[in-house]
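A.B. asks: Here it is, the structure in full.
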Amino acid sequence: MSYEYFMSMLIPMLEGAKATVLLFVIAIVLSIPLGFLLTLAVRSSIKPISYLAQTFIYVMRGTPLLLQLLFFVFGLPLLPVIGEYLVFDRFVAATIAFILNYSAYFAEIFRGGLISIDKGQYEASQVLGLSKWQTTVRVILPQMFRVTLPPIANESVSLVKDTALLYAVAVPELLHYAQTVVNRDFTIIPFFIAAGIYLLIAFGLTVVFKYLERKLQYE
Amino acid sequence: MSFIEVRNLQKSFGPLEVLKDISFDVQKNDVMAIIGPSGSGKSTMLRSLIQLEQVGGGSIRVDGDYLVKDGIYTNPTDSKIINSKMGMVFQQFNLFPHLTVKQNLELAPKLVKKEKANDYGHRSIELLEKVGLASKADELPSRLSGGQKQRVAIARALMMDPDILLFDEPTSALDPQLTKEVLQVMKNLAEEHMTMIVVTHEMEFASSVANHVIFMDDGMIIESGTPEEVIKSPKEMRTKRFLNYELSK
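Top line first, the protein sequences correspond to chains A and B.
If you read the first sequence in this note's numbering, its first letter stands for residue 1, the second for the next number, and so on.
If you read the second sequence in this note's numbering, its first letter stands for residue 1001, the second for the next number, and so on.
Pasting the structure below:
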């Protein structure tokens, strides 16, 4: 196999990987804070807010991501009355689906993290006179992030792989270009290249999260 | 006037009455030991003073101001001021694990009192020297022994310059050797006339350091007086039985 031929496969795939990485970055950057807000909503003493958040999490985790993707990309415009205002670019619609889906998972992770924090931490903060906000920001959150880092890393790697679902809603990404070359040239090499690129991204994430874990270590 | 005045304090968890008509006084510079079997309500009583528990009835007055009057709490602003006169040391230390020893001490002065870095920086080192842990200032709590953690917790409480320190079984999670170093720090505080209420199982400490002892059982104060009266020559049957058991351990 010539170098030129290899590059002719790799370059469109790298182009596709751009969409993969872009989706990943946008989804992770927005779904983590959104997930945290959801956790707060679930724990809210205002019951309707809590129930609404719980229902949202239940639906998002209880239905396939692929179904949600299809719904956001192809389903929204078909809704009566409001449908015509919900026609987005396919990449945008798919990204919204990813953000909402992953925020539900992150919300569950953060909820677990908050539960794991000893109530003595709240009591110590209270007797020292810290406000609720100061307690949350200076005492609880730093501990929660440390506890939840491993599951967050896990979800992040899942997200990288789930970006391949874009294939199903016809948004060109890494796997799409691999499949195109496979069909065109009857070769399976693009699948290996695609696997290599996914592994490379996953490896990069692992390194970053391991570094964060070490840096935030306090045990 | 007493520094702390507790009158007819009552509290229930559901149908279970944990505090029944508790009344006592604490004077400035008192060291009061509260003894009694587990489940007697002594921790609940202590925690009520600093609002970690809500009482159902009775009054708590601190430095002349009512925290609770006949079961009704004062407004949040005043209760915050009342709380700030008290410090608390827990059985499980409750240090902030993600902060260094020094940061543990400095967090509240910085955030609550808005002190300048210069002020709390000096004081934290002074207090760490006082509890013998200046060399551990930059360590994380996980690197300390239980006794060291508790001494840090005492220093952290002292950073807020409280008028009174409440100790909730401060040595119950420690082995005898580590217990000694914590009790020594508390003894030193007593000698400096720090006002303290100590819920404890350490009878030796109660009889040698406290000037007032309360024996609680079943949510009531059964006996109250000087250590000589309550520990050396108890009058009540229940007190005698408890002391026999404690001292035979």
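Built from N, CA and C at the ideal position, the CB exists for glycine as well.
Nothing here was measured: the structure is a model prediction, and the numbers come from that model.
Is DSSP giving Glu1005(B) helix, strand or coil here?
C.D. replies: DSSP places Glu1005(B) in strand when its eight states are reduced to three.
A.B. asks: Identify, in the order they occur along the chain, each residue of the same chain with its Cβ nearer than 6 Å to the Cβ of Val181(A), setting aside the five sequence neighbours on each side.
C.D. replies: If we look at Val181(A) and ignore the five residues flanking it on each side, its Cβ neighbours are Met9, Pro190.
A.B. asks: Assuming Phe1024(B) and Ile1221(B) form a contact by the criterion Cβ under 8 Å, report the distance between their Cβ atoms to the nearest whole angstrom.
C.D. replies: Rounded, the Cβ-Cβ distance is 6 Å, consistent with contact.
A.B. asks: Shorter than 7 Å from the beta carbon of Ala1173(B) to some beta carbon of chain A?
C.D. replies: No, Ala1173(B) does not count as interfacial toward chain A.
A.B. asks: Under three-state DSSP, which class holds Val25(A)?
C.D. replies: Note: Val25(A) maps to helix in three-state DSSP.
A.B. asks: Which residues of chain A have a Cβ atom closer than 9 Å to the Cβ of Val1112(B), listed in chain order?
C.D. replies: Within chain A, the residues near Val1112(B) are Leu128, Gly129, Leu130, Ser131, Gln134.
A.B. asks: Give the single residue among Phe1215(B), Pro1109(B), Glu1169(B), Glu1106(B) whose Cα lies nearest to the Cα of Met1237(B).
C.D. replies: The shortest Cα separation from Met1237(B) among Phe1215(B), Pro1109(B), Glu1169(B), Glu1106(B) belongs to Phe1215(B).
A.B. asks: Rounded C-beta distance between Ser1059(B) and Gln1027(B)? I'm assuming under 8 Å.
C.D. replies: 17 Å between Cβ atoms; not a contact.
A.B. asks: From the DSSP output, read off the bridge partner residues of Ala1033(B).
C.D. replies: According to DSSP, Ala1033(B) bridges with Val1198(B), Val1213(B).
A.B. asks: Considering only DSSP beta bridges, list what Val1062(B) is partnered with.
C.D. replies: Its beta-bridge partners are Ile1004(B), Asp1065(B).
A.B. asks: Given this structure, state the Cα-to-Cα distance separating Lys1114(B) from Asp1161(B), to the nearest angstrom.
C.D. replies: Cα-Cα distance, rounded: 14 Å.
A.B. asks: Cα separation between Val171(A) and Phe145(A)?
C.D. replies: Taking the straight line joining both Cα atoms gives about 33 Å.
A.B. asks: Run through chain B and tell me which residues come within less than 7 Å of Pro142(A), C-beta to C-beta.
C.D. replies: Result: His1098.
A.B. asks: How many Å lie between Ala1137(B) and Arg1151(B) at the Cα?
C.D. replies: Near 12 Å, if we compare the C-alpha coordinates of Arg1151(B) and Ala1137(B).
A.B. asks: Check the C-beta distance from Lys177(A) over to Gly16(A) and give it rounded, since I have them as a contact under 8 Å.
C.D. replies: Residue identity differs from the one stated: residue 177(A) is Tyr in this sequence, not Lys. Going by Cβ atoms, the distance from Tyr177(A) to Gly16(A) rounds to 4 Å, so yes, they are a contact pair.
A.B. asks: For Val1068(B), is the classification buried or exposed, using 16 other Cβ atoms within 10 angstroms of its Cβ as the cut-off for buried?
C.D. replies: Under this definition Val1068(B) is a buried residue.
A.B. asks: For chain A, check one thing: does any of its Cβ atoms lie closer than 7 Å to the Cβ of Leu1052(B)?
C.D. replies: With 7 Å as the cut-off, Leu1052(B) counts as an interface residue toward chain A.
A.B. asks: Looking at the unbroken alpha helix (DSSP H) that takes in Leu128(A), where does it start and where does it end?
C.D. replies: Per DSSP, Leu128(A) belongs to no alpha helix (DSSP H) and is neither H nor E.
A.B. asks: Let's see if you can read the secondary structure: which residues bound the alpha helix (DSSP H) around Val92(A)?
C.D. replies: Unbroken alpha helix (DSSP H) run through Val92(A): 90-115.
A.B. asks: According to DSSP, is Val171(A) helix, strand or coil?
C.D. replies: Looking at Val171(A) - three-state DSSP - the assignment turns out to be coil, as it is neither helix nor strand.
A.B. asks: According to the Cβ coordinates, are Gln134(A) and Leu1111(B) closer than 7 Å?
C.D. replies: Yes.
A.B. asks: Would you verify that the beta carbon of Glu123(A) is, or is not, closer than 7 Å to some beta carbon of chain B?
C.D. replies: It does; some Cβ of chain B falls within 7 Å.
A.B. asks: I need the straight-line Cα distance from Lys1187(B) to Val1018(B), nearest angstrom please.
C.D. replies: Roughly 30 Å between the two C-alpha positions.
A.B. asks: Is Asp1163(B) near the ligand PLP - that is, is its Cβ less than 6 Å away from at least one heavy atom of it?
C.D. replies: Among the components modelled here there is no ligand, and therefore nothing to report on the ligand PLP.
A.B. asks: Quick one: list the residues of chain B neighbouring Tyr85(A), beta-carbon separation under 7 Å, in chain order.
C.D. replies: Under the 7 Å cutoff, chain B gives no residues; its nearest Cβ is about 46 Å from Tyr85(A).
A.B. asks: Hey, would you say His1193(B) sits closer than 7 Å to Asn1029(B), going by beta carbons?
C.D. replies: Yes, they are a contact pair.
A.B. asks: Report yes or no: do the segment 1174-1191 of chain B and the segment 148-159 of chain A share at least 3 C-beta pairs separated by less than 8 Å?
C.D. replies: No, because fewer than three Cβ pairs between the segment 1174-1191 of chain B and the segment 148-159 of chain A fall closer than 8 Å, the two stretches do not touch.
A.B. asks: With 7 Å as the threshold, decide whether the Cβ of Glu213(A) is near any Cβ in chain B.
C.D. replies: For Glu213(A), the answer is no, since every Cβ of chain B falls outside 7 Å of its Cβ.
A.B. asks: Do Glu173(A) and Thr20(A) have their beta-carbon atoms positioned less than 7 Å apart in this structure?
C.D. replies: Taking 7 Å as the Cβ cut-off, Thr20(A) and Glu173(A) qualify as a contacting pair.
A.B. asks: Under the DSSP definition of a beta bridge, which residues are partnered with Asp1168(B)?
C.D. replies: In DSSP, Asp1168(B) forms a bridge with Val1199(B).
A.B. asks: Using three-state DSSP, classify Gly1056(B) as helix, strand or coil.
C.D. replies: Reduced to three states, the DSSP call for Gly1056(B) is coil.
A.B. asks: Decide if Asp1070(B) is buried, meaning its Cβ has at least 16 other Cβ atoms within 10 Å, or exposed.
C.D. replies: Label assigned to Asp1070(B): exposed.
A.B. asks: Comparing C-alpha positions only, which one of Asp1218(B), Pro1227(B), Lys1240(B) sits nearest to Leu1016(B)?
C.D. replies: Answer by Cα proximity: Asp1218(B).
A.B. asks: Smallest Cα separation from Tyr1066(B): which of Glu1139(B), Asn1083(B), Leu1052(B)?
C.D. replies: Among Glu1139(B), Asn1083(B), Leu1052(B), the Cα nearest to that of Tyr1066(B) is on Asn1083(B).
A.B. asks: At what residues does the beta strand (DSSP E) containing Glu1017(B) begin and finish?
C.D. replies: Segment 1016-1026, the beta strand (DSSP E) holding Glu1017(B).
A.B. asks: Hey, how far is the Cα of Gln121(A) from the Cα of Leu114(A)?
C.D. replies: Whole-angstrom Cα-Cα distance: 11 Å.
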